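Chemist: If you want this note's numbering, it's the position in the sequence shown, counting the first as 1, plus 290.
Backbone N, C-alpha and C fix where the C-beta goes; we use that ideal spot for every residue, glycine too.
Since the structure is predicted, the reported quantities are computational estimates derived from the model, not experimental observations.
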Amino acid sequence: MSSSTTLRRPTNLEEYRKAGKGFATDEGWARGLAFKPRPSDVFIATYAKAGMTWMQQIVHGLRTGGDMDFGEITEVVPWVEMAVDLGLDAEAEQAANPRAYKTHLNWTDVPKGGRYIAIVRHPYDIALSLFRFMDGWHFESGSIPLDTFVREDFVSDEEGGGYWRHTLSWWQQRWRDDVLFLTYEGMKADLPGTVRKVAAFIGIDPESKNVAIATQQASFDFMKAHAGQFDDNLVRRMRDAACGLPEGGESNKVSSGASGGGRVALDADLRALLDAQWEAQIKPETGFADYEAMQAALDEERAA
């Protein structure tokens, strides 16, 4: 099983889920959840495909003045719950202060005691982007249809907490002084303003020259030109074999630089399915009929 010639990518959901069980070890996961942060440590908290890599680049650029001396962004902004399994030391000093970490954990599970940048994104776009990310890496390209993936995996993702609970858990913490709550769509609409806001939150002068540098290096054109540094090659190198995946999977995270594609790519039935999940899981707790209503409420709060 050690040679890539004896391995093949999953071609159905059963194989895909079975392979996924090898991604994280129980010991590594437990050590990540037990991590004790410094008060200045910054955690970037998102569901998958909600702007994580983008914000890793912003935070790292702000604290270093644009350092790009890394093979892949997770080497310098570690994934805290996966650090052990990726061969990283979460306790170590980093390239600059504040230390920064990636996490996909809900508020309930994330290590407490640091500062948290939470980002949410429209469920249509999350579902589409996650499918495209997994297609060709975690399962053979074209082998699992988008409809099947969304209905039978994305919507039923209970083991990982699910998009719905993740979004709700961070929304409920948005008032905390140690939480900066952002939307992916807001980042797209005003990247310079977002970078200034992040700078102030992590203790960097919003008028610092680092802000202009970080803004430029967080642009789509810059990140696309350096796509190899944002393609999860560290994760592939350290975890593909454990999942039974052959070498060479595609996982470039810098794709189109656009948002709103899910409304076009998902058919009416899939959009209705995701809308129903929102109504059942998020509306009762927030009163918001859909993601757009949540985003509008957040905009009103900021304007007040």
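1. Could you check whether the stretch 392-412 touches the stretch 327-334, counting it as contact only if at least three pairs of C-beta atoms, one from each stretch, sit closer than 8 Å?
2. For a test of the three-state rule: what should DSSP assign to D559, helix, strand or coil?
3. What are the start and end residues of the alpha helix (DSSP H) that includes A504?
4. Do A386 and T343 count as a contact pair if the criterion is CB distance below 8 Å?
5. Alpha carbon to alpha carbon, what distance is there between D425 and K308?
6. Where DSSP assigns a beta bridge to W454, which residues make up the other side?
7. Between the stretch 362-372 and the stretch 457-468, are three or more C-beta pairs nearer than 8 Å?
8. Check whether the Cβ of D316 lies closer than 7 Å to any heavy atom of the ligand ATP, and answer yes or no.
9. I'd like the span of the alpha helix (DSSP H) that includes R321, first residue to last.
10. Would T595 and W461 qualify as a contact pair, given that the criterion is a beta-carbon distance under 8 Å?
11. Identify, in the order they occur along the chain, each residue of the same chain with its Cβ nearer than 6 Å to the Cβ of L617, setting aside the five sequence neighbours on each side.
12. May I have the straight-line CA-CA distance separating T398 from T457, to the nearest angstrom?
13. With a threshold of 16 other CB atoms inside 10 Å of the CB of N500, please say whether the residue is buried or exposed.
14. First and last residue of the beta strand (DSSP E) that includes A408?
15. F429 and R299 - do their beta-carbons sit closer together than 8 Å?
16. What's the gap between the Cα of R486 and the Cα of F512?
17. Let me know the beta strand (DSSP E) ranges lying completely inside the stretch 330-387, each 3 residues or longer, listed in chain order.
18. Can you tell me which of M358, T484, G356 and M372 puts its alpha carbon nearest to the alpha carbon of E317?
19. Just to check my reading of the structure: V370 and F313 have Cβ atoms closer than 8 Å, yes? What is that Cβ distance to the nearest angstrom?
20. For the alpha helix (DSSP H) containing F423, list its first residue and its last residue.
21. In the DSSP output, which residue or residues are listed as bridge partners for L564?
Modeler: So, from the listed chains and residues:
1. yes
2. helix
3. K499 to Q507
4. no
5. 16 Å
6. BP columns for W454 are empty, so no partner.
7. no
8. Of the ligands one can find in the structure shown there are none, so the ligand ATP has no counterpart to examine.
9. D316 to L323
10. Missing from the structure shown is residue 595; the chain here goes from 291 to 594 and no further.
11. The structure shown does not extend to residue 617, since the chain is modelled only from 291 to 594, so the question has no answer here.
12. 12 Å
13. buried
14. R405 to V410
15. yes
16. 18 Å
17. 332-336
18. M372
19. Contact doesn't hold; Cβ gap of about 15 Å is too wide.
20. P413 to M424
21. For L564, which the question treats as bridged, DSSP gives no partner whatsoever.
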